[in-house]
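*Asks:* Chains as they are written, first to last, in the working numbering: chain A, 38 to 369; chain B, 38 to 369. No residue lacks a Cβ here, since even glycine has one placed at the ideal position from N, Cα and C. Predicted model, so just to flag it, every value in this text is computed and none were measured.
Number of protein chains: 2
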Amino acid sequence: MVVNRPADIGSLVRAARQGVIKAAARLISLAESEDDPGLARRVSEALSQDERRAHVIGITGSPGAGKSTLSGALVTGLRADGLRVGVLAVDPSSPFTGGAFLGDRVRMQAHATDNGVFIRSMASRGRLGGLSPAVPLAARVLEVAGYDVVLIETVGVGQSEVEIASIADTTVVVFAPGHGDAVQAAKAGIMEIADIFVVNKADMPGADDVARDLRHALLVGATRPATAWRRPIVRTSAGCDSPGGITDLIALVSRHRAWMAASGEAASRRRRRTADEIRTIVLEDMARRLAERRSALCLEELASRVEAAEFDQYTAADIALGSLIRGGRADL
Amino acid sequence: MVVNRPADIGSLVRAARQGVIKAAARLISLAESEDDPGLARRVSEALSQDERRAHVIGITGSPGAGKSTLSGALVTGLRADGLRVGVLAVDPSSPFTGGAFLGDRVRMQAHATDNGVFIRSMASRGRLGGLSPAVPLAARVLEVAGYDVVLIETVGVGQSEVEIASIADTTVVVFAPGHGDAVQAAKAGIMEIADIFVVNKADMPGADDVARDLRHALLVGATRPATAWRRPIVRTSAGCDSPGGITDLIALVSRHRAWMAASGEAASRRRRRTADEIRTIVLEDMARRLAERRSALCLEELASRVEAAEFDQYTAADIALGSLIRGGRADL
């Protein structure tokens, strides 16, 4: 593939800076390449000088809460404000099939012809099972390509939902009536990551209960400093023709962004995010080394010897780690 | 703490082998110790010679599917067969608070006075966000302590659900009417990990739809070899006094276990599981090194320099990795 040449990544980045959408899409594909992790590295390097200017909004919540519809309404609202919006729909896709569902690729068709909206479905899984480092890199590509807002939507209730908070400037957690979500969310650590709570499908019975459960969970939750952001609960009903609450939500997102900048939290959150990215890259690299260079075989051999009670898992890990660090094969 | 002395771990293991429940509980606490990861290592080493004999059953599914109630009914059924049962309830607990909910600790009270049942709530989170290596180690402790069956129950729909399949000999995935679970499960890779599908709350409206969706998902899913285990769908209603389908479920679990042994899949799955454990231990160790020894500060420093556009994340990762491998501090 001709695009593998470093020079071409440079051309793609220059084109993306000028707003060429196909170039941005291509760069994201390169960032996602599993065959050659060196490509993501080169994309990252090529973008390192570009200004950080986009506002990254994470949208998460349990399945069925209506996140996709809400994202669509949010895009409409942000577009009405004249903002360019990139959307990354992150699938917790199967680690076995790697498949992303067609539905994710074809949704938000209303925006398909709008040049100011970029929609992309991405696989979430990194080698470590958490959020792939390709996701923050894709957000960075969209930032460089001139998108004012990058919306990252994650599906499901799991680790990737919590990790989204380390990527987003503003994390919106979406609830809907009828799932007992608030309690489950508290269990899964979702409450702590939210900057803004949304009670979606607010026109449905039970919405009041959800809002009350959330207020209660906030009251009994961990005490936050008086200077901390006071996390609002906003009601939306994105499912109908004239979506309710979206304007309020957009206003709250803006207010949160302003608060983040004024309080210094924006800078410190970005620094933490970058530290997280560095840590993930290091660990993914180690995981890759463990999987490559016959060490998969080597892990199997070590496992057989553990099964034969020759030594235990930790001793086996020492042998594997020694092999990684010396760059050779494990001494067996 | 006196128990930190290696000699005491040996005594605890000897007591656990004789079925002293408190000793097993203590060993699990040591395996979970975050302050001193060396304790888990010593527990693992002390157990390495013991025979592998327990059947590990993973129970997973989306929130609200009734997994806990089903687990309780399963324990009753297994006890009726004269089997000793250990239960590990794995919380996807908050990475921020680390809190496990009281509800998990007090549930299954019916079994609280039964000496043949051990119930323990564990935090799921490892340093990498996935299933903690303490979970398979705790299962091993229970095995050594003479439990015939170890039930591992995970809450939520996320990465830890998929990882449970690498720990369990038999993975049971629980569905219930009214959540559109089958489609979400297919998205999240849950379908692939199941050995047995349960449609729980089978007396509720919509149960037929769930069973039909599952059959359909199995039909359209990835083709499996003709020699593969034919994954059954069983209906249960665990919520009432005389639970339905539990006997069928227990029979299917037994049949799956026999099939696993006869087909050689049991041995190869255990070997893969051990290889996974070794990999996790290596990566957790790397993550710990990154977090310790001033390298947290170092990651923050590296992050600041990335934010200042001096270099990008991948170059920063090289510096951090070089520091880890040389065992020194990163060259800045």
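To which residues does DSSP link A:F155 through a beta bridge?
*Replies:* Note: A:F155 sits in a beta bridge opposite A:G123.
*Asks:* Pick from A:I227, A:A263, A:S274: whose alpha carbon is nearest that of A:A254?
*Replies:* Considering only alpha carbons, the answer is A:I227.
*Asks:* Put B:V57 into one of helix, strand or coil per three-state DSSP.
*Replies:* Coil at B:V57, not helix or strand.
*Asks:* In the segment 287-318 of chain B, which residues sit with their C-beta less than 7 Å from some C-beta in chain A, listed in chain order?
*Replies:* Correct list: R307, R308, T311, A312, E314, I315, R316, I318.
*Asks:* Whole-angstrom Cβ separation of A:Q350 and B:I318, contact assumed at under 8 Å?
*Replies:* Confirmed, about 6 Å.
*Asks:* Locate the beta strand (DSSP E) running through A:T317, then write down its first and last residues.
*Replies:* Where A:T317 is concerned, there is no enclosing beta strand (DSSP E), although the alpha helix (DSSP H) it sits in stretches over 302-328.
*Asks:* Consider the Cβ of A:R272: report whether some Cβ of chain B lies at a distance smaller than 9 Å.
*Replies:* No, because no Cβ of chain B sits closer than 9 Å to the Cβ of A:R272.
*Asks:* Anything in the segment 40-65 of chain B with a Cβ closer than 8 Å to a Cβ of chain A? List those residues in chain order, please.
*Replies:* The residues in question: there are none.
*Asks:* Which residue's Cα is closest to the Cα of B:R316: A:I315, A:R54, A:G109, A:E321?
*Replies:* That would be A:E321, whose Cα lies nearest to the Cα of B:R316.
*Asks:* How would you list, in chain order, the residues of chain A whose beta-carbon sits under 7 Å from the beta-carbon of B:A324?
*Replies:* Here the neighbours are L320.
*Asks:* According to DSSP, A:I287 sits in a beta bridge with which residue or residues?
*Replies:* A:I287 pairs with nothing; no bridge assigned.
*Asks:* Roughly how many angstroms lie between the CA atoms of A:T273 and B:S99, to the nearest whole one?
*Replies:* Distance between the alpha carbons of A:T273 and B:S99 is about 25 Å.
*Asks:* In chain order, what residues of the same chain have a beta carbon less than 8 Å from the beta carbon of B:L76, not counting five sequence neighbours either side?
*Replies:* Once the five neighbours on either side are set aside, the close Cβ partners of B:L76 are N41, I46, L67, A68, S70.
*Asks:* Could you please give me the residues that DSSP links to B:R272 through a beta bridge?
*Replies:* Paired residues: B:V236.
*Asks:* Quick check on B:D354 - is its C-beta less than 9 Å from some C-beta in chain A?
*Replies:* Correcting the residue identity first, residue 354 of chain B is Ala in this sequence and not Asp. It does; some Cβ of chain A falls within 9 Å.
*Asks:* Does DSSP put B:A205 in a helix, a strand or coil?
*Replies:* In this structure, B:A205 counts as coil in the three-state DSSP scheme.
*Asks:* Straight-line CA distance for B:L390 to B:R54?
*Replies:* Past the boundaries of the shown model lies residue 390 of chain B; chain B is included only from 38 to 369, so the question cannot be answered.
*Asks:* With 16 as the cutoff for other CB atoms within 10 Å, does B:A202 come out buried or exposed?
*Replies:* The residue in question, B:A202, is buried, as its Cβ has 16 or more Cβ neighbours within 10 Å.
*Asks:* Quick check: the Cα distance between B:P262 and B:L289, rounded to an integer number of angstroms?
*Replies:* Going from the Cα of B:P262 to the Cα of B:L289 covers about 20 Å.
*Asks:* According to the neighbour-count rule (16 or more other Cβ atoms, all chains shown, within 10 Å of its Cβ), is B:A83 buried or exposed?
*Replies:* B:A83 should be labelled buried.
*Asks:* Could you give the residue range of the beta strand (DSSP E) that holds A:T191?
*Replies:* Counting along the chain, the beta strand (DSSP E) containing A:T191 begins and ends at 186-191.
*Asks:* Measuring CB to CB, does B:D206 end up less than 9 Å from B:R121?
*Replies:* No, Cβ-Cβ distance for B:D206 and B:R121 is not below 9 Å.
*Asks:* For B:G140, count the other beta carbons within 10 Å of its own beta carbon; 16 or more makes it buried, fewer makes it exposed. Which is it?
*Replies:* Interpretation of B:G140 is limited by its pLDDT of 39, a score under 50 that renders its predicted location unreliable; the figure taken from the coordinates is listed afterwards. Exposed is the call here.
*Asks:* Can you tell me whether DSSP reads B:A160 as helix, strand or coil?
*Replies:* Here B:A160 sits in strand by DSSP.
*Asks:* What is the rounded straight-line gap between the Cα of B:L174 and the Cα of A:L107?
*Replies:* If I take the Cα positions, the gap works out to 42 Å.
*Asks:* Could you work out which residue in A:E190, A:T208, A:F155 is closest to A:A182 when comparing CA atoms only?
*Replies:* Answer by Cα proximity: A:F155.
*Asks:* Among A:P214, A:R249, A:E347, which residue has its Cα nearest to the Cα of A:N237?
*Replies:* When each option's Cα is compared against that of A:N237, the closest is A:P214.
*Asks:* Name the DSSP beta bridge partners of B:H92, please?
*Replies:* B:H92 is bridged to B:V186.
*Asks:* Using 9 Å as the limit for Cβ to Cβ distance, is B:F348 near chain A?
*Replies:* Yes, contact with chain A.
*Asks:* How is the alpha helix (DSSP H) around A:A176 delimited, first residue to last?
*Replies:* Its alpha helix (DSSP H) spans residues 171-181.
*Asks:* Going by the beta-carbon positions, is the gap between A:R89 and B:E344 smaller than 9 Å?
*Replies:* Going by C-beta atoms, A:R89 is nearer than 9 Å to B:E344.
*Asks:* Spatial neighbours of B:V50 within its chain, please: CB distance less than 6 Å, with the 5 preceding and 5 following residues excluded, ordered by chain position.
*Replies:* So the list reads A83, once near-sequence residues are dropped.
*Asks:* Going by CA-CA distance only, name the one from B:R63, B:V209, B:W266 that's closest to B:A102.
*Replies:* For the residues B:R63, B:V209, B:W266, the minimum Cα distance to B:A102 belongs to B:V209.
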